[in-house]
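>
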Amino acid sequence: MSNSIFRGVTRRQFGVRAIAATAAMVALLGVSPAVLAQAAFDKDAVIEIGSLYEPQNLDNTAGAGQGINEAFNGNVYEALFALTDAGTVVNSLAKDYTVSADGLTYTFTLQSGVTFHSGDPLTSADVKASIERVTAEASKSSRKKSLATIAKIETPDDATVVITLSEKSISLPYNLSYVWIVSDTAKSLADSEDGTGPYTLADWRRGSTLSLDRNDKYWGTAPTNAGVTFNYFTDATALNNALLTGAVDIITSVQSPDALAQFKDNADFTVTNGQSTTKEILAFNDRVAPFDNVKVRKAIARAIDDKKLLESIWGEYGTLIGSFVPPTDPWYTDLTAVDAYDPASAKALLTEAGYPDGFTFKLDTPDYDPHPIVAEFIKSELAKVGVTVEINIITANEWYTKVYQSLDFAATLQEHVNHRDIVFYGNPDFYWGYNNPKVIELIKQSEASATVDEQTAKLLEANKLIAEDAASDWLYLYPQIVVSASSVTGYPVNGLNSQFFAYNIEKAAK
Amino acid sequence: MSAIAAAPVRRSRRSWLFAIGLILVGINVAVALLTLVWLPYDPSSTAGGRLEAPSLLHWAGTDRLGRDLFTQIMIGSRIALMVGAGAVAIGAAIGVTLGVLSAFATRLLDDAFAAAFDILIAFPTLLLAMLVVAASDTASLGSAILALGIAISAIVARLTRILAKRVIGMDYITAARTSGTSWPQIVIKHVLPNIWPTLLVNFALQFGLAVIAEASLSYLGLGAPPPNASWGRLLQEAQGTVYTAPFGAIAPGLALLILVIGINLSADGLRDIGDPTRRGSR
Amino acid sequence: MVLFALLRLLPGDPANALLGVGATAQQIASAKAQVGSDLPLTEQFVRFVSSLARFDLGTSFVSQAPVGAEILDRLTVTIPITLLSFALAIILAVPLGIVAAVKADRWYGAVISVVSQLGIAIPVFWVGILLVTAFAINIRLFPSGGFPRHGWADPLNALRSLALPVLTIGIVMASSLLRYVRSATQDVLGSDYLRTARALGSGYTEALLRHGVRNGVVPIISILGIELASTFLGAVVVEKVFALPGLGSMLLLGISQRDYPNVQGVLFVSTLLVLLIGFVADLVQRLVDPRLRDRAVGSP
């Protein structure tokens, strides 16, 4: 494992967050969690969760990082809608909603009898304030842009919110599933909370643990445990040891197949292989030579044996992908045959593109696992077709400045963690600079679709186009592996957008 | 039953240990030189299987990408020597200069220097190195060496200052000074020749410490980045697979152990030669 | 000031830690304004010094928590580790070092020397990993890492979680300390006054204890001072192995996030502690050794 120190803070935070592209979509994920009810569970058990992703602070509009989604989404804070672990969008604090015929006015009715942890009752004013918190100038939320179509929020009465859009946005409910509903009387959200969720924040010991207690006044179904404690680690091996020695009950996301050897054939542990949306990609700077040439990009894609790479990193786990879209998205289609491994044709393409003797480029590589070892593999593969790779190791922070902001790079490695993020290819200003007017138009139209089928068709078309253009080289899809003590059941196995709903977790009574 | 009676035994054992130390260091240097002209495998060849156990084909097994670990450990010996030599060279250059300057400075300046050295020394090598590595533009083998060199320089400076002051205090230096010999001449003619044997021993010890510190830096993710197969990085990579492939963690660890023990034993031997009082009885 | 300059040399911007991919140019600008990284360096420096003068260590850019409070909290982990491993190292190193010197001709004297050589030559994280494998995973005696949620409110568990880290640092520290003790003892053994004392009729052990300890201990004290000080932050690696929320991990995290207030705070506090320890070591040294009483503090 390399450089896991940075991982706790920066890995997920620099992982790309989705700008949602779609409305409520039923994406049935084929995995059923090991939730078979145990004979008896201890409803007063405290679940110890082990994680590598400690939040930086507790406010998701103040740069808390992805770790806050894991700890707080659905647990401490709820939204109008919830994105379930299966990828569906369901009503949460919104009891019901209607959409006007032109698709521009949404009217939401709120659940009744909901109170915040502070005792303040939920009203439409809280909802309005919460949405405005995300769209405010000082907000650092990555969701801000996806809510830019909101023109007006009205609160005709305490239980009704009316949102008017400036243009159609079929993904509005999906996007609202990211907006925490916070009491409008709350202050200093960086180190405290005031949500409506099934848990309240007990304490946060920085660098170590974050504890949640069951909220006995919760408006919905009570949690099946008395509380959860997130135990944060910066070292994956230390985290595995904690599970092995019984110090934690669950690891939210295992990062190496080798750690699994200890748990797999052991009756004391349960290993679940869920559906991940995390993609390891080799992103070219499509603006500058030689990667502005589609032939060069295709040649590189063909020169790298993705299957061997995936096996090296993940053993028997993980999935090969031919584009940016994982199998769980409705607009997925198997594109692995496009630019499949074929060094001979890679060489031919390079010659056609005017690089018969290859070329040299610098690969900006984040310093944490798996990027350095992936870079070494790519270097060795490309050497076979005459292309020389200079590996340039940088920190996550530098990656942000150099690659993301200054666009000062030829090619880089990055993992993109989010759900439904193909829309990044519709933004020519995004860091990789992919600019295909047809794709941009398709992605724009998909958002204005009247039906989900129409939206799916448009994005499927865009998906095929980016694959044909080898807009980036999509190396593989991570597996999403959760390991728990076998006495613990009922946890989410897919961890979509890093969420980790704790309220159904049951621990067998001793 | 007394120390005095034990002296002959100790002397012979000590010279044995010195010889062993030199041999261990010699093996390392030989392997490092060999890597310049010959390697068992192409270090970037991914032809082997994933995490193969040691075999006749791959003496130390293979890594996750199927590369031969023995080849990488051999290259690691070269990197270890580079790290040690580079860090000590930088540390010596800065440290000896500052130490001598301090020894010759006015009382007030000297005290300030001495306090600064003390504080720097109290900051662990690793911490200083962390800051320097983080401050350099991109992590590289060079930045790790520079960082360790700077950390070492404080230790060398402190030692140099003490040794130099001892020499300067001697009568013949006072005599030389009154007879009009310039400072630089005194340093070159009298101070350095007198203090270098002790310094040399210290350099050897720092060499070993630098190799270990690089391993720790690598563990923290601040050491030599790929594709440099430093032992520290090999250890750190092997840590994630320690349950399925423990050999990957053992082999580079042993290599590191051999070099550092070799260096320490050699340093002890050198000190015995330079300082007869340590050889046993007088 | 050196601190300040060094930190600003770090490439990258603290504002980055607050932003994710998807941030717009306007969000980037507002994040910079918030952490003050858009101000001229001189102004950042003035702010830094003026707040330091008020003993205000500022507020973290990233967590937005007061730096001083977090340091105090983390010291409750770091100080016990430091003191306990220091004590362990002395308990191990002093008797063993003396034995290694006095009984150098016996097999156990030689074994001690060899083991201490190994202790010096193995990277500390490797010792930690070995101990975890042996004592936490195989025989489940101690936890493999972490620190209890309520800290010292649960003293037994807190102590248990510090057991392996303390053992790790203690062993490594003892190995290097042992070498100093052994050579100091050797110096004493070879010294004239010891021979004189014996000639005057003292027993060997009595002579060693009465005269040897007093003379041998002087150089050891200054070494101890340095070792103690370096344990404070030298524990970074061990904190990582054992997932402990100490000062070292705060520093490492601060560096990677470019969270300057946190890094400055940790370095400032540890410099103070280092100076304090140096002062105490000097004081003790002079109490023990009359020859040093007229020397200036800080220039041995």
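Protein chains in written order, with the working numbering: chain A, 156 to 665; chain B, 1254 to 1535; chain C, 44 to 343. Idealized CB from N, CA, C, for every residue including glycine.
#1: Residues of chain C with CB closer than 7 Å to the CB of L518/A, please, in chain order.
#2: For R113/A, report the span of its beta strand (DSSP E) as first-last.
#3: According to a CB-to-CB cut-off of less than 8 Å, which residues of the segment 152-169 of chain C neighbour chain B?
#4: T556/A to S103/C, Cα distance in whole Å?
#5: Under 7 Å between the Cβ atoms of L331/A and L235/A?
#6: Please state the DSSP three-state secondary structure of T177/A.
#7: Kindly say whether P1261/B, judged by its beta-carbon, lies nearer than 7 Å to any beta-carbon of chain C.
#8: Closer than 8 Å, Cβ to any Cβ of chain A: which residues of the segment 1292-1318 of chain B, in chain order?
#9: Per DSSP, D1321/B is paired with what?
#10: Name the chain A residues that come within less than 8 Å of I180/C, Cβ to Cβ?
#11: In this structure, does DSSP put T1451/B in helix, strand or coil?
#12: Using a Cβ-Cβ cutoff of 9 Å, what residues of the segment 487-518 of chain A are near chain B? List them in chain order.
#13: For a quick check, are the C-beta atoms of G581/A and V572/A less than 7 Å apart?
#14: What are the complete beta strand (DSSP E) segments, minimum 3 residues, inside the segment 494-559 of chain A?
#15: What residues from chain B crowd round I172/C, counting only those whose CB sits closer than 9 Å?
#16: Can you pull the chain B neighbours of E466/A, defined as C-beta to C-beta under 9 Å?
#17: Quick check: the segment 135-153 of chain C against the segment 243-255 of chain A, are there 3 or more CB pairs under 8 Å?
#18: Can you check the segment 576-652 of chain A for any alpha helix (DSSP H) of at least 4 residues that lies completely inside it and give the ranges in chain order?
#19: Which residues in chain B sit within 8 Å of V137/C, going by Cβ to Cβ distance?
#20: Output yes if chain A places a C-beta closer than 7 Å to the C-beta of F104/C; else output no.
#21: So within the segment 352-421 of chain A, which uninterrupted beta strand (DSSP E) runs reach at least 3 residues, ignoring any that extend past its ends?
#22: Helix, strand or coil: which one does DSSP assign to E661/A?
#23: For G1339/B versus I1398/B, is the C-beta spacing smaller than 7 Å?
#24: Relative to the alpha-carbon of Y496/A, which residue among A503/A, Y523/A, D461/A and T515/A has its alpha-carbon at the smallest distance?
#25: Starting from I336/A and walking both ways along the alpha helix (DSSP H), at which residues does that stretch end?
#26: Distance check for S159/C and V1386/B, CA to CA, integer angstroms please.
#27: Pull up the DSSP beta-bridge partners for Q569/A, would you.
#28: For G1476/B, would you say it is in contact with chain A, using Cβ-to-Cβ distances shorter than 7 Å as the test?
#29: Within the continuous beta strand (DSSP E) that includes A237/A, where are the two ends?
#30: Under 7 Å, do G242/A and L651/A count as touching if we go by C-beta distance?
#31: Would you please verify whether the beta carbon of D192/C is less than 7 Å from any beta carbon of chain A?
#32: Can you tell me which residues form a DSSP beta bridge with L320/A?
#33: To which residues does DSSP link V245/A through a beta bridge?
#34: Of all the CB atoms in chain C, is at least one closer than 7 Å to the CB of Y1472/B?
#35: Can you look up E292/A in the DSSP assignment and give me helix, strand or coil?
#36: Check the Cβ of P1505/B against every Cβ in chain A and list those closer than 7 Å, keeping chain order.
The short version:
#1: Correct list: empty, because the minimum Cβ distance to chain C is about 18 Å.
#2: Nothing about residue 113/A can be reported from this structure: the residues present for chain A run from 156 to 665 only.
#3: A153, Q160, L161, I163, A164, I165, P166, V167, F168 and W169
#4: 20 Å
#5: With a cutoff of 7 Å on beta-carbon distance, L331/A and L235/A are scored as near each other.
#6: For T177/A, the predicted model reports a pLDDT of 32, less than 50, meaning its position is unreliable and no value from the coordinates is stated.
#7: Since pLDDT at P1261/B reaches only 48, below the 50 mark, its modelled position is unreliable, and no value is offered.
#8: S1297, S1298, T1299, R1303, L1304, R1317 and L1318
#9: In DSSP, D1321/B forms a bridge with T1315/B.
#10: N396, L399 and T400
#11: helix
#12: none
#13: no
#14: Within the segment 494-559 of chain A, the complete beta strand (DSSP E) runs of at least 3 residues are 515-521 and 543-549.
#15: Q1492, V1495 and A1502
#16: R1303
#17: no
#18: 592-602 and 607-623
#19: Correct list: empty, because the minimum Cβ distance to chain B is about 18 Å.
#20: no
#21: 354-360, 364-369 and 382-387
#22: strand
#23: In this structure, I1398/B lies closer than 7 Å to G1339/B by Cβ.
#24: D461/A
#25: Per DSSP, I336/A belongs to no alpha helix (DSSP H) and is neither H nor E.
#26: Distance between the alpha carbons of V1386/B and S159/C is about 30 Å.
#27: Q569/A is bridged to I436/A.
#28: no
#29: F236 to L238
#30: yes
#31: What sits at residue 192/C in the sequence shown is Arg, not Asp. For R192/C, the nearest CB of chain A lies under 7 Å from its own CB, placing it at the interface with that chain.
#32: Note: L320/A sits in a beta bridge opposite I305/A.
#33: A237/A
#34: yes
#35: coil
#36: What P1505/B touches in chain A: nothing, since even the nearest Cβ is about 14 Å away.
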